[in-house]
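J.:
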Amino acid sequence: MRTLVLTNFKLRRNLREKLSTFWMKCCYVLVLAMPFVLLTGLLIKSSLLFGEKSLTELIFSSEWKPMSGKFGFLPFIISSLWVTFISVIIAAPICLLTAIYLTQYARRVVLKIMQPVIDILAGIPSVIYGVWGIIIIVPFVSKVAGWFNVHSSGYSILAGAVVLAVMIIPFILNILIEVYRTIPIELSEASLSLGATKWETIKKVLTRKAFPGIISSFGLGVSRAFGETIAVLMVVGNVVHIPTGVFQAGYPLPALIANNYGEMLSIPMYDSALMLAALILFIMVTIFNMGSRYIIIHYEKKI
Amino acid sequence: MNRQLLKKSEELFYRVLMIISTAIIIIALLAIIISILVKGLPSLSWSMITQIPKGGYYFGKEGGILNAIIGSLYLSGGATLLALGVSLPLALYMNVHKLKQKNVVNIIRFFLDLLWGVPSIVYGAFGFTLMVLLGLRTSLLAGILTVTLFIIPIMVRSMDEVLKTVPRGLLESAFSLGSTRSETAFRVMLRQCIPGIITAILLAFGRAIGDAAAVLFTAGYTDYIPTSLSQPTATLPLSVFFQLSSPIPEVQNRAYASAVVLTVIVLIISIASRGFSIKYQKNRIK
């Protein structure tokens, strides 16, 4: 009797072990397969378009007339690039200076206050950023445009970039704080003992050491900014043209997808075109993402 | 002497810049929260959060946003539960079963980071393609599935960050007492990290409830509270997004009220998860 209970117990434990390990392996396979599934899904759907036009024609043409089957992605790609790079240019110095301040100069209290601020900023949904953009940033940009004697409704590339900059600040800042924290303290001690001032140490020793990390944090910021949809869509104006100034309206790729999903089944090839936009987005973001991570990994190995 | 002065003033200059940029970040956060509250609080009333819109969400002047609140809770609750079923086992698998195979773990981490970086609109577009392929219509179920895919990497990575900190000795002692790997995972690791795991779940829930792009294609929008998985559902972000573009002020007020509700939910989640992570820090075995 006793042995029976024991073997039963053993069997049950073994079974549980096997079952849970099996499920874990399923989850593991799911995650590994996911990027490829995403890629193939979008590729299959958008490949219908390739039958008629070459990829270069699609990307470098600026004519967007879905009704007559003309899909030129250039205006959208250019708009995306404008918004993304301006936002990173705004966010980068703020993040860098704040990260240096928080890790080198500030008292612990300041960091304790800033940590929840960064967390909350990171957690605010993008639609809320969009509403904020409409309430505050858009009128402000319109006013700024007035100073330059440019007439603008405020719904512009610049408004999109400012909103986006605030959205990616917590993301970049968290990485930068981590980068500055992991620099060994001996490095700055050695520099200080040689008579360098604190600022010189930060500028010439720490920042040089952190340089790959800084670059990759900006790269990750670019990849985050590139795919941001709703907030940008709400403030950027959405006019199909190649923008030539920051006060003009733009029409980034994610906004294109989000705005037209309703009609995409009623016009032939339109859904393929939108899936191609999603594919371009996916590839661009992944390249920036992987590139930045490669820099971090490569640089960590060197130390 | 002059050089000294120059050095000093350069440092001072940059320190001022640093304080300014730190202040900009705090001001930006305050500006967001205050502007949302100022715009939305006046239109937030009891009837606003207990009624569904009357006469259509885009044109009807009466009614509230209950459809969006309940819809969002259903959607993100369902997605969080589903994602938990995948994320927890995977995070434990990485930190118990594959503890010794560092490259396997690193590959999973790399893939998760890659997936985390994929914009939610791409998930939305992918979910839509899948829906068309399977012949589904916009529904709560399609929304839940898409959002699940979208939050899995977030959840696994944040659980992984917590499980990583558990000292190896704890695992080794569990193994040496004869427990199987899954027993070690679920009875030792999980119990040790419960507050951290809850933080990860809350974080993922916050992401799920706040995301608009993934549900735009898949969950649809409706005036009513869904009663089954195959019905479309309203969500708070889309309630903001759609109703804000309406020319009717009463409808816009609904959008601002939804924005306040969404912000409050996200703030509560943020504070709660902070509480749990402080608790984890206290109970942690070093």
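Going down the list, the sequences are from chains A and B. The numbering of the first sequence is this note's numbering, which starts it at 9 and goes up by one. The numbering of the second sequence is this note's numbering, which starts it at 1330 and goes up by one. Built from N, CA and C at the ideal position, the CB exists for glycine as well.
Using the Cα positions of S1416 of chain B and I176 of chain A, report the straight-line distance between them to the nearest angstrom.
T.: C-alpha separation (whole angstroms): 25 Å.
J.: I need the DSSP call for K73 of chain A, collapsed to helix, strand or coil.
T.: DSSP places K73 of chain A in strand when its eight states are reduced to three.
J.: Quick one: what does DSSP say G253 of chain A is sitting in, helix, strand or coil?
T.: Residue state, collapsed to three classes: coil.
J.: So does the region 1586-1604 of chain B actually touch the region 128-142 of chain A, counting three or more Cβ pairs closer than 8 Å?
T.: They touch, by the three-pair rule.
J.: Could you say which of A:V171, A:I238, A:H249 and A:P192 lies nearest to L1573 of chain B if we only look at CA atoms?
T.: Nearest of A:V171, A:I238, A:H249 and A:P192 to L1573 of chain B, Cα basis: A:I238.
J.: Quick check on the burial criterion: 16 or more other C-beta atoms within 10 angstroms. Buried or exposed for V146 of chain A?
T.: Classification for V146 of chain A: buried.
J.: Does the separation of the CB atoms of T1513 of chain B and L1500 of chain B fall below 8 Å?
T.: Yes. Within cutoff.
J.: Using 8 Å as the threshold, is the region 1348-1360 of chain B in touch with the region 107-117 of chain A, meaning 3 or more CB pairs across them?
T.: Enough Cβ pairs lie closer than 8 Å, so yes.
J.: For chain A, find out if any of its Cβ atoms is closer than 8 Å to the Cβ of K1429 of chain B; answer yes or no.
T.: No, its Cβ sits nowhere closer than 8 Å to a Cβ of chain A.
J.: I need the straight-line Cα distance from L264 of chain A to F84 of chain A, nearest angstrom please.
T.: For L264 of chain A and F84 of chain A, the distance between alpha carbons rounds to 8 Å.
J.: What does K1336 of chain B touch in chain A if you count any residue whose Cβ is under 8 Å from its own?
T.: Those are T205, W207 and E208, listed as they occur along chain A.
J.: Who pairs with K78 of chain A in a beta bridge, going by DSSP?
T.: Answer is A:K73.
J.: Going along chain B, which residues have a C-beta under 8 Å from L57 of chain A?
T.: Neighbours of L57 of chain A on chain B: none; closest Cβ ~14 Å, over 8 Å.
J.: Strictly below 7 Å CB to CB, what residues from chain A border E1501 of chain B?
T.: Under the 7 Å cutoff, chain A gives no residues; its nearest Cβ is about 18 Å from E1501 of chain B.
J.: Just tell me which of A:G221, A:G203, A:I86 and A:V96 has its CA closest to the CA of T67 of chain A.
T.: Strictly speaking, residue 67 of chain A in this sequence is Ile, with Thr absent from that position. The residue with the shortest Cα to Cα distance from I67 of chain A is A:I86.
J.: Determine whether the beta carbon atoms of I1450 of chain B and G1407 of chain B lie at a separation below 8 Å.
T.: No. Outside cutoff.
J.: Beta carbon of V243 of chain A, beta carbon of G168 of chain A: below 8 Å?
T.: In contact: V243 of chain A and G168 of chain A (Cβ atoms closer than 8 Å).
J.: Does the beta-carbon distance from S1606 of chain B to P1482 of chain B come in below 8 Å?
T.: No.
J.: Going along chain A, which residues have a C-beta under 7 Å from E1339 of chain B?
T.: In chain order: W207.
J.: Counting only C-beta atoms, is Y259 of chain A closer than 8 Å to chain B at any point?
T.: No, Y259 of chain A lies away from the interface with chain B (no Cβ there is under 8 Å from its Cβ).
J.: Where DSSP assigns a beta bridge to K1383 of chain B, which residues make up the other side?
T.: DSSP, once it has assigned bridges, lists B:E1391 as partnering K1383 of chain B.
J.: Go through the region 82-128 of chain A residue by residue and report every complete run of the alpha helix (DSSP H) that reaches 4 residues or more, in order.
T.: Runs found: 82-108.
J.: Quick one: grab the DSSP three-state call for G1400 of chain B.
T.: If DSSP states are grouped into helix, strand and coil, G1400 of chain B belongs with the helices.
J.: Let me know if M75 of chain A comes out buried or exposed under the rule of 16 or more other beta-carbons within 10 Å of its beta-carbon.
T.: With fewer than 16 Cβ atoms within 10 Å of its Cβ, M75 of chain A is classed as exposed.
J.: List the residues of chain A whose Cβ lies closer than 7 Å to the Cβ of T1509 of chain B, in chain order.
T.: Chain A residues near T1509 of chain B: R21 and E25.
J.: What residues from chain B crowd round L202 of chain A, counting only those whose CB sits closer than 9 Å?
T.: Within 9 Å Cβ-Cβ: nothing; L202 of chain A doesn't reach chain B, min ~14 Å.
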